[in-house]
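For reference, the structure is listed below as structure tokens.
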Amino acid sequence: MAQDRFLQFLGIAWRARAVVAGEYPCLHAIRAGKGLFLILAADASANTTGRLKAAATYRSVPYLVAYTKSQLGRAIGQSARAALLVTDKNFARKLEELAGGVGRV
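Numbering of the sequence shown is given in the numbering used here, commencing with residue -19 and proceeding in unit increments.
This is the structure:
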């Protein structure tokens, strides 16, 4: 149930244009200081995960490693995505709250 609510709310954030999708757009937004909460797919490559975790840690952006690439993509109505970045503070706060029972890293 908690996972369903997280993914549903992620879809709402996407429709509100408060989410950046994809490895390079997420990396660019983190470096620009726009990222507030990073969601990484559990099945993303080690290179992708390492690069985004390093950038998020350097910029003090909290991140969550959960779900698969296809689940994240389906949540936003797109094809598979390895990384999603929330850029709105209110959506980020709520998603972090919902992620409490999802497997936060």
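Just so you know, even glycine gets a beta-carbon here, dropped at the ideal spot from N, CA and C.
Quick check on the DSSP output: the alpha helix (DSSP H) that includes residue i runs from which residue to which?
i	result
Y47	No alpha helix (DSSP H) holds Y47; DSSP gives it neither H nor E.
I10	E3 to R11
Three-state secondary structure (DSSP) at residue i?
i	result
A(-4)	coil
What does the alpha-carbon distance come out to for the pair residue i and residue j?
i	j	result
R31	A46	17 angstroms
H8	A36	11 angstroms
S40	T29	16 angstroms
A88	S25	Since the displayed the chain opens at -19 and closes at 85, residue 88 lies outside it and no answer follows.
R(-5)	L65	14 angstroms
Would a C-beta distance cut-off of 8 angstroms place residue i and residue j closer than the cut-off?
i	j	result
A62	K49	yes
A72	F17	yes
A(-7)	L44	no
L(-13)	Q58	no
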